[in-house]
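Trainee: In this note's numbering, the protein residues as written are 1 to 91.
Even for Gly, the Cβ is constructed at its ideal location relative to N, Cα and C.
Values in this document were obtained by computation on a predicted structure and should not be read as measured data.
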């Protein structure tokens, strides 16, 4: 693969080159991060659960959201595959 081009050209110029069938690989490094789409959800929690989450977050010096995501990920990993208890499909 060709090295990244030293000349800076606009995205529109790169698109035009690609439309003409020219090789545009020199304009890309293939160094990128995949960002998965995020869906926001609301969850109702008791005051006691919030207090426990906040205590753990303070102890770990992370956000409440980070604690929730970590605990949820652990719980989902522990569930055996194909053993879903859901009665209706997730949308």
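When you compare only the Cα positions, how much space is there between residue 63 and residue 43?
Mentor: To locate residue 63, count along the chain shown from 1; it is residue 63. To locate residue 43, count along the chain shown from 1; it is residue 43. If you take the alpha carbons of residue 63 and residue 43, they lie about 16 Å apart.
Trainee: Tell me whether the beta-carbon of residue 38 lies closer than 7 Å to the beta-carbon of residue 27.
Mentor: In the chain shown, counting from the first residue as 1, residue 38 sits at position 38. In the chain shown, counting from the first residue as 1, residue 27 sits at position 27. Not a contact, by the Cβ cut-off of 7 Å.
Trainee: What residue does the alpha helix (DSSP H) around residue 26 start on, and which one ends it?
Mentor: In the chain shown, counting from the first residue as 1, residue 26 sits at position 26. That residue, residue 26, is in no alpha helix (DSSP H); it is neither H nor E in DSSP.
Trainee: Count the other CB atoms within 10 Å of the CB of residue 67; is the residue buried (16 or more) or exposed (fewer)?
Mentor: The count along the chain shown starts at 1 and reaches residue 67 at position 67. Counting Cβ neighbours within 10 Å, residue 67 comes out buried, since at least 16 surround it.
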